[in-house]
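Visitor: Here's a structure for you.
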Amino acid sequence: MSRISTTPPQDTGSSGQPRSRFQLWWMRLIAATVVPLVVLCSLEVFLRVAGYGYSTRFFVPREIEGVNYLVPNREFTHQFFPVSLARSPLPSRMLAEKPEDTFRIFLFGGSAAYGDPDPSFGVGRHLESLLETRYPETDFEVVNVAVTAINSHVVLPIARDCAKRDADMWIVYMGNNEMVGPFGAGTIFGAKSPSVAFVRSALALKRTRIGQLLEAIVKAGSESSSDQGRWQGIDMFSENLLRYSDENRLRAYDNFRRNLGDIIRAGQDAKVPVIVSTVASNLKDCSPFASLHSEGLKDGRLAEWESLFARGTELEKAASYSLALDSYLAAAEIDPDHAELQYRIGSCNLALGNSAKAMRAFTRARDHDALAVRADSRINQIIKDVTNAHEGKSVQLVDAVSAFEELTGIPGQETFYEHVHLTLEGNLSLAQILSVEVSGLLPESMLDSGTYSSPELERLACEQRLAVTMWDRKRIWNVALGRISVAPYTSQSSHPRNVEYFKSRKREVDSLTDARTPARDLHIYQSALLDQPEDTLIRWNYAQFLEITGSQNDAIKQGMIICQQLPDSPWPLYFVGSLLSREGRLSEAEQYLKRAIQSQPYFPVAERELERISLQK
């Protein structure tokens, strides 16, 4: 009678010999790790070969008219913003191989560094013009890699890409968007103030096509409100108000400190001198966007505060500034951190000639503004601390905040359009402030050949070089007025007088305009382009000027030149397409509009124009 064995059969190899426990464990480890890794790598390769996803590098190579250039990647910010809200880098191009006689400077930051509302007259453009004027034997190239609405979480990967691009100097002017930008304390773009480790892990995943595929699947299954609609400026963050002591805000400061240190180290590793500047903001003429009372303020004390505040506002309206100040200071004993109260204390002190006290109150009002869209005292102190901690001539601090105070006293509408964006004069002033440190880091050979003029002559040289026309001045004031005519600017107590100031500046431009002005403006554009035919921003302003003055065919020609110089820039493509459509050249218009949409998939105005053409054909 045969026995049935209760011993399980032994695993054997191809030789029939039993496998050891070590061999079994090793094979299981391979099956659990190596096999999935091979599968994932194969999927990643397949997705890339199939053309799925987008590059997360800031610069991408582009051959234009037979020459190799590097151009900003319009899809770079898709890893930080929903596609419909994504801000794009400034359209530009730089030679992939830097010429020997070129001194290349990268400018990092958000919208203030970008030059908003018009980057053609931003700080980078003014700095390049100043340096070209002072050192005519050197070709300076200030490459603006700033992007609207970004913060240090976004600047760091830009800096790491720029470290490979043969720069001679970096300038960092950032800090306004640390709370509302991606991963900030008051952001609408994903998690609020997560750890730096979380942010960098998430971005590492998004650099893979698999990560991009997973993100697309998640978004398709649960479409969030932030994925829809149009850009609405800082009003988008009005629901995410922050106290100065908010825990998320405190974590955001720590993240900023870490990111700024890593940005500086990226420059040092690339052996590039780095200039880091504190960030100035409008204190005098920008009242807080939102104010919050201190936590735990009892109803009785709140009622007392409100009574004192109301009495102060009535007295202030009647120009009884001393009595108003007494009432405001009594309210401050109950709740000193209310931003609007501090702003009014500053205004009364200023009216009474107490500039030092006014500065302290305005600064506190800015710091406690619950819509945190200005670099506050903590941000600027971190900039000083981190920069000073990196010893050596290769890292230098510029205190733009103090420099502006020396120039204008309490910074206000003489320097800023609204909260942080610099006027034409403000951008020139910041460029002059930065140029002092830039000059100190230039090679001796450049300094020896330098020529220096008075500030007034340098201003005129910049205006000539950048083609600043009367039409441009009025156009920009119109844009700025339109910006402050919507929320949250309309809720500011300073709004009525700011509107009047903008209108007065427009009237000033009008008073300097006569029948000969268009001809003068035309000459300014043509002279500037004769000297700088590759300057696409001057040509872009010129094309728009030609359109508005009725020279449509000439506007089309200039627009077509820009499209040749920057073949992936969507707005010039749309501009030419829409003008061709008006001229009845529908087939040509259709080609340009299709290229515009291909370059920027979410482009509603171009899509509507294309639909209109299809109905006409």
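Just so you know, we're using the numbering used here here: the sequence shown kicks off at 90 and counts up by one.
All C-beta atoms in this analysis are idealised placements derived from N, C-alpha and C, irrespective of residue type, glycine included.
(1) Spatial neighbours of S109 within its chain, please: C-beta separation below 8 angstroms, excluding the five flanking residues on both sides.
(2) For M263, does the count of other Cβ atoms within 10 angstroms reach 16, so buried, or fall short, so exposed?
(3) Just list the residues that DSSP pairs W259 with in beta bridges.
(4) Can you give me the Cβ contacts of A576 inside the same chain, cut-off strictly under 8 angstroms, excluding the 5 residues immediately before and after it?
(5) From E709 to G481, what does the alpha carbon distance come to, in whole angstroms?
(6) Is the beta carbon of P178 closer than 8 angstroms to that of V236?
(7) Would DSSP call Q470 helix, strand or coil?
(8) So, with DSSP's three-state summary, where would you put V269?
(9) Whose CA, out of G356, R347, A305 and K281, lies closest to the CA of E336?
(10) Could you tell me whether the Cβ atoms of F192 and D255 are closer together than 8 angstroms?
(11) With DSSP collapsed to three states, give me the class of S104.
(12) Could you give the residue range of the beta strand (DSSP E) that holds P161?
(13) On the DSSP bridge assignment, give the partners of I153 in chain order.
(14) Considering only DSSP beta bridges, list what L303 is partnered with.
(15) Closest to I713 by C-alpha separation, out of S676, W394 and V368, would be which residue?
(16) In whole angstroms, give me the CA-to-CA distance for V156 and L184.
(17) Our contact map puts A617 next to R697 with C-beta atoms below 8 angstroms; I'd like the distance itself, whole angstroms only.
(18) Among T540, E552 and L496, whose alpha-carbon lies nearest the alpha-carbon of L519?
(19) Is L531 helix, strand or coil when you go by DSSP?
(20) Once you ignore the five residues that flank V212 on each side, which residues in its own chain have a CB closer than 6 angstroms to its CB?
(21) Residue range of the beta strand (DSSP E) that N233 falls in?
(22) Could you name the residues of the same chain whose beta carbon sits closer than 7 angstroms to that of I613, not counting the 5 residues immediately before and after it, in chain order?
(23) Considering just the uninterrupted stretch of the alpha helix (DSSP H) at V484, what are its terminal residues?
(24) Compute the Euclidean distance between the alpha carbons of R701 and V134, then round it to the nearest angstrom.
(25) If you run the structure through DSSP and keep just helix, strand and coil, what is I93?
(26) Using C-beta distances below 6 angstroms, list every residue in its chain close to E154, excluding the 5 sequence neighbours before and after it, in chain order.
(27) What number of angstroms, rounded off, separates the C-alpha of E514 from the C-alpha of Q502?
(28) Pick helix, strand or coil for F326, following the three-state DSSP scheme.
(29) In whole angstroms, what separates the C-alpha of S688 from that of W259?
(30) Tell me whether F148 sits in a helix, a strand or coil according to DSSP, three-state version.
(31) What residues in its chain sit with their C-beta under 7 angstroms from that of A561, if we drop five residues either side in the sequence?
(32) When the Cα atoms are used, what is the spatial distance from C251 to N348?
(33) Kindly list the residues whose CB is nearer than 7 angstroms to the CB of N587, restricted to its own chain and excluding five residues on each side of it in sequence; keep chain order.
(34) In the DSSP assignment, what residue or residues form a beta bridge with F505?
(35) When you compare each of S543, T512 and S580 to S200 by their alpha carbons, which one comes out closest?
(36) Name the DSSP beta bridge partners of M183, please?
Guide: Well, looking at it:
(1) none
(2) buried
(3) F195 and V363
(4) Around A576: D324 and S327.
(5) Since the displayed the chain opens at 90 and closes at 706, residue 709 lies outside it and no answer follows.
(6) yes
(7) helix
(8) Of the three classes helix, strand and coil, the one that applies to V269 here is coil, per DSSP.
(9) K281
(10) Taking a C-beta distance under 8 angstroms as the contact criterion, F192 and D255 do not qualify as a contact pair.
(11) Caution is warranted here: a pLDDT of 49 is assigned to S104, below 50, making its placement in the model unreliable, and no coordinate value can be reported.
(12) V156 to P161
(13) V156
(14) According to DSSP, L303 bridges with nothing at all.
(15) No answer is possible for residue 713: the residues shown for the chain start at 90 and end at 706.
(16) 8 angstroms
(17) Not really, about 34 angstroms apart at Cβ, beyond 8 angstroms.
(18) Ranking the options by Cα distance to L519, first place goes to L496.
(19) coil
(20) N516, L519 and A520
(21) Going by DSSP, N233 is part of the beta strand (DSSP E) stretching over D228 to N233.
(22) A556 and T558.
(23) Element bounds for V484: not the alpha helix (DSSP H) but the beta strand (DSSP E), V484 to V487.
(24) 41 angstroms
(25) Confidence at I93 is low in this model, with a pLDDT of 42, below 50, so its placement is unreliable and the value that follows should be read with caution. Coil, per DSSP.
(26) Non-local C-beta neighbours of E154 in its own chain, meaning closer than 6 angstroms and more than five positions away in sequence, are absent.
(27) If you draw a straight line from the Cα of E514 to the Cα of Q502, it comes to about 11 angstroms.
(28) helix
(29) 29 angstroms
(30) strand
(31) Looking at the sequence provided, one finds Asp at residue 561 rather than Ala. For D561, where only same-chain residues beyond five positions count, the Cβ hits under 7 angstroms are N630.
(32) 15 angstroms
(33) Hits under 7 angstroms: D374, Q502 and I573.
(34) L511
(35) T512
(36) According to DSSP, which records beta bridges pairwise, M183 is partnered with L159.
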